[in-house]
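Numbering (my numbering), first residue to last: 8 to 458.
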């Protein structure tokens, strides 16, 4: 993860780079060069391009300075004639960069003791290219797509095996994130899933990748983990709850999910006092699934008094009234859907409106899942479950980094960001202070120790 210090250094470096560019522009020193670029006489990237040429000059100058420091005398200095070691020509080396391939003349010394630090022995890629490859992978491109993209845009020939190795290097970071310690209490946890295609035993299966988002005591949403469902029912959810508990989650007040089979039992077994709330938006969608298009608006309007009722008894009366109505008789499956989920539907009706808006739906992670689906839909299938988790984690990092940048910009902190890059963190829940106040009133013994 990028630290605040790293970001400050990058911002300072960017500021100085802009100043240098402005000084060159003002002096007129680059006018002729820019004219050549505009006319197409000079290419910016690729073999023979301007940027690879500048990188070559900078690297070779740095390597020459390293050798001078190693030998202890400048090139051509007579003082070096009496020393045992001396310069001994150059060796050719090509490195792949973000701007394209760069051919270097790496200086050598006579006794072979010189070890370059700027471009170490055996290194064939500069760091920026690795970051580019990981970024392209996080955007949903396959390894073959990345290989073709690098070749066609910057002329960098990077093998499929090398790209795979670069992507695999982040696996340890993903594992550390998935195992990181969590808070002892999350007042609210939302759980939702996206469907992905994964190879399994020679066949391609649809699997659900579940993402848990927890709201901490400050109202900030955090992605707690990603789990690819291996099997249906309580055994899977028991393993998820055990994972969260083992990482430090001692209590959860409310869990909002989409009527997942076996989940209430797993929650009760792990956190006996937690309330399981079915997502009302998902419930309404399921209820309208078999309603004809011409009746949907009318049925949706007729259902509103149910989920906006003052309490569970009033909601039951409204559902009975709908069932007895002409719309209800015409669409009996609507009542069946509500009856099947009734015990997990009514908990939020016990809370005041400020808290209901926080817990009645998983929409808080719907936007995140929408972004993730744009990434996964470009992949026909994943080779295994670990590849699913890795890509989703990278995508979340990129998405949340953009959100952090947007928040900083909105606060007028463009050049003084406190939100770290690649931060897995969502926005603060709307009206969280009011919701927290209601939670303290409802769960005083469980929540006050954490205030």
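We put the CB at the ideal spot given by N, CA and C, even for glycine.
Problem - Beta-carbon separation (whole angstroms), residue 295 vs residue 307, contact threshold 8 Å - result: 7 Å
Practice task
Go ahead and pull the three-state DSSP assignment for residue 278.
Solution key: coil
Practice task
Out of 316, 256, 351, 225, point me to the one whose CA is closest to residue 283's CA.
Solution key: 351
Exercise for the section: For the region 283-344, list the alpha helix (DSSP H) runs that are entirely contained and at least 4 residues long, ordered along the chain. Expected result: 287-294, 300-314, 319-331, 333-337
Exercise for the section: State whether the region 377-385 contacts the region 399-408, with contact taken as three or more CB pairs (one from each stretch) at a distance under 8 Å. Expected result: yes
Practice task
For residue 213, name the three-state secondary structure that DSSP assigns.
Solution key: strand
Exercise for the section: Could you check what DSSP says for residue 95 in three-state terms: helix, strand or coil? Expected result: strand
Exercise for the section: Tell me whether residue 436 sits in a helix, a strand or coil according to DSSP, three-state version. Expected result: coil
Problem - Touching by the beta-carbon criterion (3+ pairs, under 8 Å), the region 59-67 and the region 94-111 - result: yes
Exercise for the section: Could you say which of 297, 311, 357 lies nearest to residue 339 if we only look at CA atoms? Expected result: 297
Practice task
Pair every Cβ in the region 192-212 with every Cβ in the region 172-179, then say whether three or more of these pairs are closer than 8 Å.
Solution key: no
Problem - Beta-carbon contacts of residue 397 that lie in its chain and below 8 Å, excluding the five residues immediately before and after - result: 174, 177, 178, 181
Problem - Span of the beta strand (DSSP E), counted from its first residue to its last, around residue 189 - result: First-last for residue 189: undefined, no H or E at that position.
Handout entry: Residue-chain proximity (residue 378, chain C), Cβ-Cβ < 9 Å
Key = No chain C is present in this structure, which holds just one protein chain.
Practice task
For residue 454, I'd like the list of residues in its chain whose CB is within less than 6 Å of its CB, leaving aside the five on either flank, ordered along the chain.
Solution key: 446, 447
Problem - Cβ pair residue 262, residue 353 closer than 9 Å - result: no
Handout entry: Per DSSP, cross-strand counterpart(s) of residue 197
Key = 220, 263
Exercise for the section: Provide the residue span of the beta strand (DSSP E) that contains residue 228, from first to last. Expected result: 228-235
Practice task
Might you give, ordered along the chain, the residues of its own chain that have their beta carbon closer than 7 Å to the beta carbon of residue 165, omitting 5 neighbours on each side?
Solution key: 103, 154, 157
Exercise for the section: Mind checking who residue 63 pairs with in its DSSP beta bridge? Expected result: Paired residue(s): none; residue 63 is not in a bridge.
Handout entry: C-alpha gap between residue 99 and residue 128, whole angstroms
Key = 12 Å
Exercise for the section: Express the C-alpha separation of residue 214 and residue 168 in angstroms, rounding to a whole number. Expected result: 27 Å
Exercise for the section: Would you mind stating whether residue 267 and residue 219 have Cβ atoms separated by less than 9 Å? Expected result: no
Exercise for the section: Please classify residue 56: does DSSP put it in a helix, a strand, or coil? Expected result: coil
Practice task
Using a threshold of 9 Å, state whether the C-beta atoms of residue 334 and residue 316 are closer than that.
Solution key: no
Practice task
Check whether the Cβ of residue 294 sits closer than 8 Å to any heavy atom of the ligand HEM, and report yes or no.
Solution key: Among the components of this structure there are no ligands whatsoever, and the ligand HEM is therefore not found.
Exercise for the section: Tell me, please, which residues DSSP counts as bridged to residue 129. Expected result: In DSSP, residue 129 forms no bridge with anything.
Handout entry: When 225, 321, 278 are compared against residue 255, the one with the closest alpha-carbon
Key = 278
Exercise for the section: Can you give me the Cβ contacts of residue 224 inside the same chain, cut-off strictly under 6 Å, excluding the 5 residues immediately before and after it? Expected result: 457
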